[in-house]
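**Student:** Numbering (my numbering), first residue to last: 194 to 400.
1) Identify whether residue 431 lies in helix, strand or coil by the three-state DSSP scheme.
2) Within 10 Å of its beta-carbon, does residue 254 have 16 or more other beta-carbons around it, so buried, or fewer, so exposed?
3) What does residue 326 pair with, by DSSP beta-bridge criteria?
4) Are at least three pairs of beta-carbons, each pair with one atom in the region 276-289 and one in the region 209-226, less than 8 Å apart?
5) Checking the sheet assignment: what are the DSSP bridge partners for residue 302?
6) Can you find the residues in the same chain that come closer than 6 Å, C-beta to C-beta, to residue 343, ignoring five residues on each side of it along the sequence?
7) Can you list, in chain order, the residues of its chain whose CB lies under 8 Å from that of residue 194, leaving out five sequence neighbours each side?
8) Could you give the C-beta distance for residue 277 and residue 312, rounded to a whole number, given that I count them as a contact under 8 Å?
9) Closest by CA to residue 208, which one among 326, 202 and 377?
10) Of the choices 243, 350, 234 and 279, whose alpha-carbon is the least far from that of residue 360?
11) Go through its chain and collect everything with a Cβ distance to residue 203's Cβ below 7 Å, but skip five positions before and after it.
12) With DSSP run on the structure shown, which of helix, strand or coil describes residue 321?
13) Quick one: what does DSSP say residue 204 is sitting in, helix, strand or coil?
14) Exposed or buried, residue 334, counting other C-beta atoms within 10 Å across all chains shown (16 or more means buried)?
15) Assuming residue 390 is part of the alpha helix (DSSP H), what are its boundary residues?
16) Can you find the residues in the same chain that come closer than 6 Å, C-beta to C-beta, to residue 268, ignoring five residues on each side of it along the sequence?
17) Thinking residue 247 and residue 323 are a contact (beta carbons under 8 Å), I'd like their distance in whole angstroms, please.
18) Based on Cα-Cα distance, which residue from 221, 388 and 345 lies nearest to residue 368?
19) Whole-angstrom Cβ separation of residue 330 and residue 232, contact assumed at under 8 Å?
20) If you draw a straight line from the C-alpha of residue 387 to the C-alpha of residue 297, how long is it?
In structure tokens:
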């Protein structure tokens, strides 16, 4: 197995214009001597995400930010994959919510498609949240990691603490959905936390 390239420096570009995501990444990187700065704060353009996997899209975003800024950049690409729907909405999870980012509409679309294919009991309604994280250097080197958490699609939606598809996802071993969980409890078992653990173990040394 090849050795992973280590992160060095004190600043990291987060290839996102979403300040909520930047805050979450800042929290996850606490203790590693890194100050994340968002691509939005630097006025970097958002690239076209035309990859066909989560990792491909994460790499597109991270490389664009690294090359535009001349600094190491981190990006994530994540989504909701339902087994009975052949992995949909998958990389198109945000698009299912439409231009208004209406995830109520997106969750309803998932449920309608599950009902249409006869997936009505729990064993037929398995799903995963998936998160790909990519660390990219200006010279084009990338380190990519993928995390996931498995569970089931529930209906109707439950809880108001999460976002996206959280209200219809109950992780395995839990009686509540992501949207019913305390945020700290969710972060401890989430797909993003899984990917971050892999990234930290491979590329960061705790300060």
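From the three backbone atoms N, C-alpha and C, an ideal C-beta is built for every residue, glycine too.
**Tutor:** The relevant details are as follows:
1) Outside the displayed span of the chain (194 to 400) sits residue 431, for which this structure offers no information.
2) Buried: at least 16 other Cβ atoms inside 10 Å.
3) Secondary-structure assignment with DSSP links residue 326 through a beta bridge to 269 and 338.
4) With a cut-off of 8 Å, the region 209-226 and the region 276-289 do not count as touching, because too few Cβ pairs lie within range.
5) Per DSSP, none; premise fails for residue 302.
6) Correct list, in chain order: 321 and 365.
7) In this prediction, residue 194 scores a pLDDT of 46, lower than 50, which makes its location untrustworthy; the coordinate-derived value is nonetheless stated afterwards. So no residue of the chain qualifies.
8) Right, the Cβ-Cβ distance comes to about 4 Å (below 8 Å), so this counts as a contact.
9) Nearest of 326, 202 and 377 to residue 208, Cα basis: 326.
10) The residue from 243, 350, 234 and 279 with its alpha-carbon nearest to that of residue 360 is 350.
11) The beta carbon of residue 203 lies closer than 7 Å to those of 226, 227 and 228 in the same chain, with the five residues before and after it left out.
12) If DSSP states are grouped into helix, strand and coil, residue 321 belongs with the strands.
13) Three-state result, residue 204: strand.
14) Its Cβ having fewer than 16 others within 10 Å, residue 334 is exposed.
15) From DSSP, the alpha helix (DSSP H) with residue 390 extends over 384-396.
16) Its chain contains 208, 251, 254, 255 and 327 as the residues whose beta carbon lies nearer than 6 Å to that of residue 268, once the 5 sequence neighbours on both sides are disregarded; these appear in chain order.
17) That belief holds up - the Cβ atoms of residue 247 and residue 323 are roughly 6 Å apart, short of 8 Å.
18) Of all alpha-carbon atoms in 221, 388 and 345, the one lying nearest the alpha-carbon of residue 368 is that of 345.
19) The C-beta distance from residue 330 to residue 232 rounds to 16 Å, too long to meet the 8 Å contact threshold.
20) The C-alpha of residue 297 is placed about 26 Å away from the C-alpha of residue 387.
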